[in-house]
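Enquirer: Residue 42 in UniProt numbering is what sits at position 42 of the sequence shown, and the numbering runs on without skipping anything.
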Amino acid sequence: MNKRDIMFDTEQKDFDLEKVLELLKKCKLDDDTILLEYYIKAYRELCRFFRLQGRLFGFVAKDLEEKIGILETWRRCDTCDNYRSVQSMIKYEVEYGLTTFRGRVPSGSRTLLRLQRALEFILRFIDEMSMSEDEDKSSHIAHTVYKRTLANHHPWIVQKMAGFVTFMLPSRKELIETMCKQNYDQVLILMHEVTQEGNPIYDITQSLYKKHNLLNLK
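(1) Let me know the secondary structure DSSP gives K137 once reduced to three states.
(2) Identify whether S171 lies in helix, strand or coil by the three-state DSSP scheme.
(3) Pair every Cβ in the segment 13–21 with every Cβ in the segment 181–199, then say whether three or more of these pairs are closer than 8 Å.
(4) Taking 6 Å as the limit between beta carbons, can you name the residues of its chain near D32, skipping five residues before and five after?
(5) Express the C-alpha separation of G103 and P155 in angstroms, rounding to a whole number.
(6) Taking Cβ to Cβ, would you say E72 is nearer than 8 Å to I40?
(7) In this structure, how does DSSP classify K181 when only helix, strand and coil are distinguished?
(8) What is the DSSP secondary structure of K218, reduced to helix, strand or coil?
(9) According to DSSP, simplified to helix, strand and coil, what is F15?
(10) Cα-Cα, which of C47, R75, D81 is closest to E65?
(11) Taking the CB atoms as reference points, tell me whether L21 and E193 lie closer together than 8 Å.
In structure tokens:
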């Protein structure tokens, strides 16, 4: 077994882009309301995107799963009606000065912002993959997208680790055939559809954070 096989699990997996697409379609209502229930469910599947890329990407998946757990905690609390949608959550936490709360359970707004940043990386990576050629290196695509997105929010040591991890990824074709539940041709179609559904969700949420001056929540 070579080094890349250790870092990237080459056993067939079942990352389900069709499931992601179905959940994203339920996430945004016609009036642009973003339902947290389906945002969270879609994100749970997207987390597997990181886990299936090998051991070192596990630290990213673990962090995202912890944040999903925080949002689920807020959705079960006494004030859970305020956590039905992204809009209602931000409105409630801004109104009551909770956005910077960092107690035992950090604020929903702060938590979702971290997921937003990773979602930008995922959507851009999928989009770039959909437009690349079969033998293009997914490692180059991932590294380029990472530098444009998540790297802006990571300390130097995490950036170096991410650079090493992305270097170990295989070609586009091998990555898709290894990770995805659907067949190769289906995935090429689904990647485009996922970004078409996901980008408006990202953009609407980003606009809400900008409107309330929350993009730099620590």
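Where is the CB? At the ideal position from N, CA and C, for every residue including glycine.
Expert: The structure says:
(1) Shown here, K137 sits in a strand according to DSSP, grouped into three states.
(2) For S171, the three-state secondary structure derived from DSSP is strand.
(3) yes
(4) I204
(5) Answer to the nearest angstrom: the Cα atoms are 23 Å apart.
(6) yes
(7) coil
(8) coil
(9) strand
(10) C47
(11) yes
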